[in-house]
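The numbering used here puts the first residue of the sequence shown at 293, with every later residue one more than the last.
No residue lacks a Cβ here, since even glycine has one placed at the ideal position from N, Cα and C.
If you're wondering where the values come from, they're calculated on a predicted model, not measured in any experiment.
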Amino acid sequence: MHKFNLEKVWVVGKMKQFAVIGLGRFGTSLAMTLTRMGYDVLAVDTNEEKVNNIMDRVTHAVQVDAMDEQALKALGIRNFDVVVVAIGQDIQSNILVTVMLKDLGVKKVVSKAVTELHGKVLERVGADKVVFPERDMGVRVAQALVSKNIMDQINLSPDYSIIELMAPDDFAGKTLAEGALRVKHGVTVLAIRRGNDVIISPGAKQMVLDGDVLVIVGRNDKLRDLEEK
Ligand code: ADP
Numbered sequence: 293m294h295k296f297n298l299e300k301v302w303v304v305g306k307m308k309q310f311a312v313i314g315l316g317r318f319g320t321s322l323a324m325t326l327t328r329m330g331y332d333v334l335a336v337d338t339n340e341e342k343v344n345n346i347m348d349r350v351t352h353a354v355q356v357d358a359m360d361e362q363a364l365k366a367l368g369i370r371n372f373d374v375v376v377v378a379i380g381q382d383i384q385s386n387i388l389v390t391v392m393l394k395d396l397g398v399k400k401v402v403s404k405a406v407t408e409l410h411g412k413v414l415e416r417v418g419a420d421k422v423v424f425p426e427r428d429m430g431v432r433v434a435q436a437l438v439s440k441n442i443m444d445q446i447n448l449s450p451d452y453s454i455i456e457l458m459a460p461d462d463f464a465g466k467t468l469a470e471g472a473l474r475v476k477h478g479v480t481v482l483a484i485r486r487g488n489d490v491i492i493s494p495g496a497k498q499m500v501l502d503g504d505v506l507v508i509v510g511r512n513d514k515l516r517d518l519e520e521k
């Protein structure tokens with residue numbers, strides 16, 4: 293079992309510190325991504341194999357049962373900026389650990405919910421944020437499957453979104469002004485992705501090339517019209 297080295301965590305100081313409890317598919321991916329983004333991450337699981345597998349890819353990994361309040365205290369869990377409860381299948385543990393973390397004084401507890409009802413319970417017991425990774429992924433994949441050209445979509449409100457759209461064929465070789473997206477479709481190009489480059493806030497004279505991806509904000513109905521063009 294890996295010995296938790298408190299000193300090493302606190303030396304880092306100002307950087308935001310995350311703890312991820314439960315190293316299933318979601319917890320593992322989250323912990324590794326946060327680490328790659330440069331954050332300090334403590335990964336926790338009861339399962340030794342899960343802990344060993346992730347040990348080299350996060351700041352710290354410990355084999356601890358998060359239902360054990362004393363063990364959580366010993367980890368100094370209340371000093372982490374964000375603690376994510378990524379226990380999925382075992383709903384009872386997921387809820388109890390969420391309650392315990394808030395009782396221990398953790399400022400921000402983010403809990404993974406499996407169903408809507410589960411999510412409501414988590415909110416009631418004090419989770420600061422509830423996430424539904426499976427549901428949200430299903431929505432994203434569905435959106436990507438039904439639209440020919442939309443590669444990704446962020447919903448800003450029920451009426452407005454940001455989309456990534458393959459530049460329509462008849463745009464290639466034209467400037468944004470000539471494409472007249474704002475005039476004809478009432479949407480705004482925020483950026484153009486060209487291979488590995490990103491042109492931020494492109495001007496009216498910016499040329500669109502074949503293969504460009506346009507990042508566009510606008511009303512959903514206008515965006516749909518544009519996609520069906
Ligand atoms: P996913 O659906 O994202 O793969 P799972 O529910 O399958 O998530 O995995 C949850 C992980 O949480 C498992 O690795 C399990 O060992 C771990 N886990 C469950 N209960 C606890 C607990 N009390 N303390 C720490 N880890 C736990």
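- Annotation for T338 indicates a beta carbon within 6 Å of some heavy atom of the ligand ADP.
- Judged by pairs of C-beta atoms under 8 Å, the region 458-471 does not touch the region 357-366, as fewer than three such pairs exist.
- In the structure shown, the three-state DSSP call for M443 is strand.
- In the three-state scheme derived from DSSP, where H, G and I count as helix and E and B as strand, T407 is classed as coil.
- The Cβ-Cβ distance between V417 and V398 does not fall below 7 Å.
- With a beta-carbon spacing of about 16 Å, K412 and V401 fall beyond the 8 Å limit used to define contacts.
- At least one heavy atom of the ligand ADP sits closer than 6 Å to the Cβ of M359.
- For the options H410, I446 and V375, the alpha carbon positioned closest to that of R511 is the one of I446.
- Not one heavy atom of the ligand ADP sits closer than 6 Å to the Cβ of S321.
- Rounded to whole angstroms, the separation of the alpha carbons of V343 and A483 is 40 Å.
- The shortest C-alpha to C-alpha distance from G380 to any of G319, G495, D489 and E456 is the one to G319.
- Spatial neighbours of D373 in its own chain (CB-CB distance under 8 Å, excluding positions within 5 residues in sequence) are listed in chain order as K308, Q309, F310, K399 and K400.
- In the three-state reduction of the DSSP assignment, L501 falls in the coil class.
- For S493, the Cβ stays outside the 6 Å cut-off from all heavy atoms of the ligand ADP.
- For R317, the shortest C-beta to heavy atom distance toward the ligand ADP is below 6 Å.
- Considered as a whole, the region 378-427 harbours 400-404 and 421-423 as its complete beta strand (DSSP E) runs of no fewer than 3 residues, in chain order.
- Taking 6 Å as the cut-off, one finds at least one heavy atom of the ligand ADP near enough to the beta carbon of S385.
- Each residue's CA atom was taken as its position, placing E470 and G487 some 22 Å apart.
- Not one heavy atom of the ligand ADP falls within 6 Å of the beta-carbon of D451.
- In the three-state DSSP reduction, V490 falls in the strand class (E or B).
- In the three-state scheme derived from DSSP, where H, G and I count as helix and E and B as strand, G368 is classed as coil.
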